[in-house]
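Undergrad: The structure is given below, and queries will be raised subsequently.
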(Lines of atoms letter the chains of each structure in order from A; the text may use other names.)
(Lines give C-alpha, C1' and ligand atoms only; values in the text may rest on other atoms or scores of the structure.)
Protein backbone atom coordinates (compact mmCIF):
# COMPACT_ATOMS: atom_id res chain seq x y z
CA UNK A 1 0.00 0.00 0.00
CA UNK A 2 1.49 3.35 -1.04
CA UNK A 3 -0.59 5.73 1.05
CA UNK A 4 -2.44 5.43 4.34
CA UNK A 5 -5.58 6.88 2.73
CA UNK A 6 -5.81 4.26 -0.01
CA UNK A 7 -8.44 1.55 0.18
CA UNK A 8 -7.41 -2.04 -0.18
CA UNK A 9 -9.43 -3.30 -3.12
CA UNK A 10 -11.19 -6.33 -1.70
CA UNK A 11 -14.78 -7.38 -1.80
CA UNK A 12 -15.30 -6.33 1.79
CA UNK A 13 -19.05 -5.97 1.35
CA UNK A 14 -19.37 -9.62 0.34
CA UNK A 15 -17.28 -10.64 3.33
CA UNK A 16 -19.21 -8.47 5.80
CA UNK A 17 -22.58 -9.69 4.55
CA UNK A 18 -21.80 -13.21 5.79
CA UNK A 19 -23.44 -14.07 9.09
CA UNK A 20 -21.20 -13.28 12.06
CA UNK A 21 -18.56 -11.31 10.14
CA UNK A 22 -18.05 -7.76 11.41
CA UNK A 23 -15.42 -5.50 9.88
CA UNK A 24 -13.45 -3.15 12.13
CA UNK A 25 -11.06 -0.47 10.91
CA UNK A 26 -8.28 -0.16 13.46
CA UNK A 27 -6.26 3.04 13.36
CA UNK A 28 -9.00 5.11 11.72
CA UNK A 29 -7.92 8.39 13.35
CA UNK A 30 -7.04 10.98 10.76
CA UNK A 31 -8.61 9.22 7.80
CA UNK A 32 -10.46 11.42 5.35
CA UNK A 33 -14.25 11.70 5.38
CA UNK A 34 -14.24 10.27 1.85
CA UNK A 35 -12.31 7.17 2.94
CA UNK A 36 -14.56 6.64 5.97
CA UNK A 37 -17.69 6.85 3.81
CA UNK A 38 -16.22 4.45 1.25
CA UNK A 39 -15.33 2.02 4.05
CA UNK A 40 -18.90 2.16 5.38
CA UNK A 41 -20.20 1.40 1.89
CA UNK A 42 -17.88 -1.62 1.78
CA UNK A 43 -19.24 -2.98 5.07
CA UNK A 44 -17.01 -1.61 7.83
CA UNK A 45 -19.18 -1.24 10.94
CA UNK A 46 -16.68 -0.11 13.60
CA UNK A 47 -13.94 2.50 13.51
CA UNK A 48 -11.32 2.88 16.22
CA UNK A 49 -10.51 6.59 16.64
CA UNK A 50 -8.90 6.77 20.08
CA UNK A 51 -5.99 8.89 18.86
CA UNK A 52 -8.30 11.74 17.78
CA UNK A 53 -10.26 11.62 21.04
CA UNK A 54 -7.06 11.51 23.11
CA UNK A 55 -5.57 14.38 21.09
CA UNK A 56 -8.65 16.57 21.75
CA UNK A 57 -8.32 15.80 25.46
CA UNK A 58 -4.60 16.63 25.56
CA UNK A 59 -5.03 19.81 23.49
CA UNK A 60 -7.68 21.06 25.89
CA UNK A 61 -5.25 20.57 28.78
CA UNK A 62 -2.39 22.44 27.10
CA UNK A 63 -3.77 25.90 27.92
CA UNK A 64 -5.53 25.67 31.28
CA UNK A 65 -7.19 28.94 32.18
CA UNK A 66 -9.23 27.77 35.15
CA UNK A 67 -9.02 25.50 38.16
CA UNK A 68 -8.74 21.72 37.80
CA UNK A 69 -12.48 21.04 37.97
CA UNK A 70 -13.16 23.39 35.05
CA UNK A 71 -10.14 22.13 33.12
CA UNK A 72 -11.38 18.54 33.35
CA UNK A 73 -14.89 19.58 32.31
CA UNK A 74 -13.41 21.39 29.33
CA UNK A 75 -11.36 18.30 28.42
CA UNK A 76 -14.48 16.12 28.52
CA UNK A 77 -16.34 18.58 26.28
CA UNK A 78 -13.47 18.54 23.78
CA UNK A 79 -13.60 14.75 23.63
CA UNK A 80 -17.40 14.75 23.33
CA UNK A 81 -17.16 17.13 20.36
CA UNK A 82 -14.82 14.73 18.51
CA UNK A 83 -17.03 11.75 19.29
CA UNK A 84 -20.19 13.60 18.19
CA UNK A 85 -18.59 14.58 14.88
CA UNK A 86 -17.40 11.01 14.24
CA UNK A 87 -20.84 9.62 15.08
CA UNK A 88 -22.31 12.01 12.50
CA UNK A 89 -19.71 10.91 9.95
CA UNK A 90 -20.26 7.21 10.68
CA UNK A 91 -24.02 7.62 10.36
CA UNK A 92 -24.72 6.52 13.92
CA UNK A 93 -26.04 9.79 15.41
CA UNK A 94 -29.44 9.39 17.03
CA UNK A 95 -29.47 5.60 16.77
CA UNK A 96 -28.73 4.71 20.40
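Numbering (UniProt numbering), first residue to last: 1 to 96.
A virtual CB, placed ideally from N, CA and C, is assigned to each residue, including glycine.
Keep in mind that this is a model prediction, so the values were computed, not measured.
1. Does the beta-carbon of residue 22 have 16 or more other beta-carbons within 10 angstroms, so that it is buried, or is it exposed?
2. On the three-pair Cβ rule with 8 Å, is the stretch 51-63 touching the stretch 25-38?
3. Determine, using beta carbons only, whether residue 96 and residue 56 come nearer to each other than 8 Å.
4. Have a look at 44, 63, 74 and flag the residue whose alpha-carbon is nearest the alpha-carbon of residue 18.
5. Starting from the C-beta of residue 16, find all residues in its chain whose C-beta is less than 6 Å away, skip the five residues before and the five after it, and write them out in chain order.
6. CB-CB under 7 Å to residue 33, same chain, minus the five flanking residues each way: which ones, in chain order?
7. Under 8 Å, do residue 40 and residue 94 count as touching if we go by C-beta distance?
8. Might you give, ordered along the chain, the residues of its own chain that have their beta carbon closer than 8 Å to the beta carbon of residue 78, omitting 5 neighbours on each side?
TA: To lay it out plainly:
1. Your numbering for residue 22 matches position 22 in the chain shown. When all chains shown are included, residue 22 counts as exposed.
2. Counting Cβ pairs under 8 Å, three or more are found: they touch.
3. Locating residue 96 in the chain shown gives position 96, where the first residue counts as 1. Locating residue 56 in the chain shown gives position 56, where the first residue counts as 1. Going by C-beta atoms, residue 96 is not nearer than 8 Å to residue 56.
4. By 1-based counting over the chain shown, the position of residue 18 is 18. Cα-wise, what sits closest to residue 18 is 44.
5. Locating residue 16 in the chain shown gives position 16, where the first residue counts as 1. Here the set comprises 23, 43.
6. Here residue 33 refers to the residue found at position 33 of the chain shown. The answer, listed in chain order, is 89.
7. For the purposes of this step, residue 40 is identified with residue 40 of the chain shown, where counting begins at 1. For the purposes of this step, residue 94 is identified with residue 94 of the chain shown, where counting begins at 1. With contacts defined as CB atoms closer than 8 Å, residue 40 and residue 94 fail to qualify as a contacting pair.
8. In the chain shown, counting from the first residue as 1, residue 78 sits at position 78. Result list for residue 78: 56, 57, 59, 60, in chain order.
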